[in-house]
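Asks: What follows is a single structure, and I will ask about it in a moment.
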Amino acid sequence: MVGSCNIDITAYAERLPAPGETVTGREVRQAPGGKGANQAAAAALAGARVTMIGAVGDDPGGAEVAGQLAGAGVDISLLRTAAGPTGSAHITVDASGANTIVVIPGANAGVRELTAADEAAIAGSDALLLQLELPVGVIAAAAAAGRRTGALTVLTPAPVQPVPPGLLAATDLLVPNEREADQLAARLLAAGRPGPDRPGAAGPPGPGAPGPGGPGVLATLLSQVPAVVITLGAD
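The sequence shown begins at 11 in the working numbering and counts up by one.
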């Protein structure tokens with residue numbers, strides 16, 4: 011796992027506030043999180059041997075995240091401790107389970123290159139899990155390292171942002187949600203990257219069929235990676 015470690019601060023309310031609006035919530039919770047740490051803990055609890063490459067801050071939140079990972083069975087020997095705060099995610103969840111998230115990178119922003127030990131861990135792995143809450147350059151470097159050694163590379167492209175062509179070229183499985191799939195496909199088309207209306211791409215033409223994650227969106231993504239799984243939230 012090359013990914014983020016955060017402290018999640020989650021507020022629960024009946025509905026999400028509109029821009030400029032204040033709503034009253036019913037509960038707030040704080041817990042270790044981060045897309046990388048969450049996936050690492052889940053994989054370890056499911057029985058995989060997992061090594062976490064990332065960073066926490068030298069604050070109480072960093073110790074809490076590291077302890078949670080270790081308790082789940084994750085190898086944290088390559089988890090860096092940086093001066094300053096651990097990353098944080100500020101989440102609002104409504105009564106239906108829909109949410110909005112603002113991520114503050116904190117220590118995650120300092121993970122800008124792989125060490126020799128990181129590359130050795132990737133070389134010894136069957137699978138490499140990546141997201142985009144670390145600087146995209148180090149994620150691309152990790153994907154390239156995984157490709158060199160034959161690891162199955164799985165990318166969750168969140169938060170959506172411009173990605174270098176080499177990152178998608180080294181990805182075996184892309185796992186966006188519906189909104190991320192649409193946003194990423196739109197970025198690829200705007201950048202002139204191969205899409206469903208270009209030679210050699212799979213699927214029907216058009217930048218997007220009706221509804222999120224439509225065939226046009228899938229065709230655009232499948233022109234870049236071998237396989238895509240779009241998660242469907244409440245659906």
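Quick reminder that beta carbons are idealized off the backbone N, C-alpha and C, glycines included.
For the candidate residues I132, L144, V148, whose alpha-carbon lies nearest to that of G160?
Replies: As a first step, residue 160 must be located in the sequence shown, where it is residue number 150. The shortest C-alpha separation from G160 is found at I132.
Asks: T91 and G71 - do their beta-carbons sit closer together than 9 angstroms?
Replies: Translated into positions along the sequence shown, residue 71 becomes position 61. Translated into positions along the sequence shown, residue 91 becomes position 81. No.
Asks: Helix, strand or coil for G149? Go by DSSP, reduced to three states.
Replies: As a first step, residue 149 is located in the sequence shown; it is residue number 139 there, counting from the start. Per the sequence shown, the amino acid found at residue 149 is Ile instead of Gly. DSSP places I149 in helix when its eight states are reduced to three.
Asks: Which first and last residues belong to the beta strand (DSSP E) in which V12 is found?
Replies: Counting from one through the sequence shown, the residue named residue 12 turns up at place 2. Careful: V12 lies outside any beta strand (DSSP E) and carries neither H nor E.
Asks: I need the DSSP call for G213, collapsed to helix, strand or coil.
Replies: Working through the sequence shown from its first residue, we reach residue 213 at position 203. For G213, the predicted structure reports a pLDDT of 41, less than 50, and the residue's modelled location is therefore unreliable. A value from the coordinates is still provided. In the structure shown, G213 sits in coil (DSSP, three-state: anything other than H, G, I, E or B).
Asks: Can you check which of these residues, T241, G243, R197, is closest to Q234 by C-alpha distance?
Replies: Translated into positions along the sequence shown, residue 234 becomes position 224. Checked all of T241, G243, R197; the closest Cα to Q234 is R197.
Asks: In chain order, which continuous runs of the alpha helix (DSSP H) of length 4 or greater are located wholly inside the region 18-93?
Replies: As far as the region 18-93 is concerned, its whole alpha helix (DSSP H) runs of at least 4 residues are 45-55, 70-81.
Asks: Is G57 near E143, with beta carbons less than 9 angstroms apart?
Replies: Within the sequence shown, residue 57 is the residue found at index 47, counting from 1. Within the sequence shown, residue 143 is the residue found at index 133, counting from 1. No.
Asks: Grouping DSSP H, G and I as helix and E and B as strand, with all else coil, what is I240?
Replies: Numbered from 1 along the sequence shown, position 230 holds the residue referred to as residue 240. Of the three classes helix, strand and coil, the one that applies to I240 here is coil, per DSSP.
Asks: Report the rounded CA-to-CA distance for P217 versus A201, giving the unit in angstroms.
Replies: By one-based count along the sequence shown, residue 217 stands at place 207. By one-based count along the sequence shown, residue 201 stands at place 191. Caution is warranted here: a pLDDT of 40 is assigned to P217, below 50, making its placement in the model unreliable, and the coordinate value is therefore given only provisionally. Rounded to whole angstroms, P217 to A201 spans 13 angstroms at the Cα level.
Asks: Buried or exposed for G205, going by 16 or more other Cβ atoms inside 10 Å?
Replies: By 1-based counting over the sequence shown, the position of residue 205 is 195. Residue placement at G205 is poorly supported in this model, since its pLDDT is 48, which falls under 50; the coordinates are not used for a value here.
Asks: Between the beta-carbon of A50 and the beta-carbon of I17, is there less than 9 angstroms?
Replies: For the purposes of this step, residue 50 is taken as residue 40 along the sequence shown, with counting starting at 1. For the purposes of this step, residue 17 is taken as residue 7 along the sequence shown, with counting starting at 1. Result no, Cβ atoms of A50 and I17 do not sit closer than 9 angstroms.
Asks: Quick check on T102: does DSSP put it in helix, strand or coil?
Replies: Here residue 102 refers to the residue found at position 92 when the sequence shown is read from its first residue. Residue state, collapsed to three classes: strand.
Asks: I need the DSSP call for L183, collapsed to helix, strand or coil.
Replies: Position 173 of the sequence shown, counting from 1, holds the residue named residue 183. Strand at L183.
Asks: With DSSP collapsed to three states, give me the class of V227.
Replies: Within the sequence shown, numbered from 1, the residue matching residue 227 stands at position 217. In this structure, V227 counts as helix in the three-state DSSP scheme.
Asks: Could you name the residues of the same chain whose beta carbon sits closer than 6 angstroms to that of Q193, not counting the 5 residues immediately before and after it, in chain order?
Replies: Taking the sequence shown and counting its residues from 1, one reaches residue 193 at position 183. Result list for Q193: V170, in chain order.
Asks: If you count every other CB in all the chains shown that lies within 10 Å of the CB of P29, and 16 or more means buried, which is it?
Replies: Within the sequence shown, the letter at position 19 stands for residue 29. P29 is exposed by the Cβ-count criterion.
Asks: Please classify P215 as buried or exposed, where buried requires at least 16 other C-beta atoms within 10 Å of its C-beta.
Replies: Reading the sequence shown from its first residue, position 205 is the one you call residue 215. Only weak support exists for where P215 lies, its pLDDT of 37 falling under 50; the value from the coordinates is given anyway. Answer is exposed; the Cβ neighbour count stays below 16.
Asks: Quickly, what does DSSP pair A137 with across the bridge? List them, please.
Replies: Taking the sequence shown and counting its residues from 1, the one referred to as residue 137 is at position 127. L162.
Asks: Buried or exposed for L165, going by 16 or more other Cβ atoms inside 10 Å?
Replies: Working through the sequence shown from its first residue, we reach residue 165 at position 155. The residue is buried, with at least 16 neighbouring Cβ atoms inside 10 Å.
Asks: Under the three-state reduction of DSSP, which class applies to G202: helix, strand or coil?
Replies: Along the sequence shown, read from residue 1 onward, the residue named residue 202 stands at position 192. Coil.
Asks: Tell me, to the nearest whole angstrom, how far the beta carbon of V148 is from that of L124; I am working on the premise that it is less than 8 angstroms.
Replies: By one-based count along the sequence shown, residue 148 stands at place 138. By one-based count along the sequence shown, residue 124 stands at place 114. Indeed they touch by this definition, with Cβ atoms about 6 angstroms apart.
Asks: Could you compute how far the alpha carbon of G94 sits from the alpha carbon of A65?
Replies: Mapped onto the sequence shown, residue 94 falls at position 84. Mapped onto the sequence shown, residue 65 falls at position 55. Rounded to whole angstroms, G94 to A65 spans 11 angstroms at the Cα level.
Asks: In angstroms with no decimal places, state the Cα-to-Cα distance between G43 and A229.
Replies: For the purposes of this step, residue 43 is taken as residue 33 along the sequence shown, with counting starting at 1. For the purposes of this step, residue 229 is taken as residue 219 along the sequence shown, with counting starting at 1. Spanning the two alpha carbons is a distance of roughly 32 angstroms.
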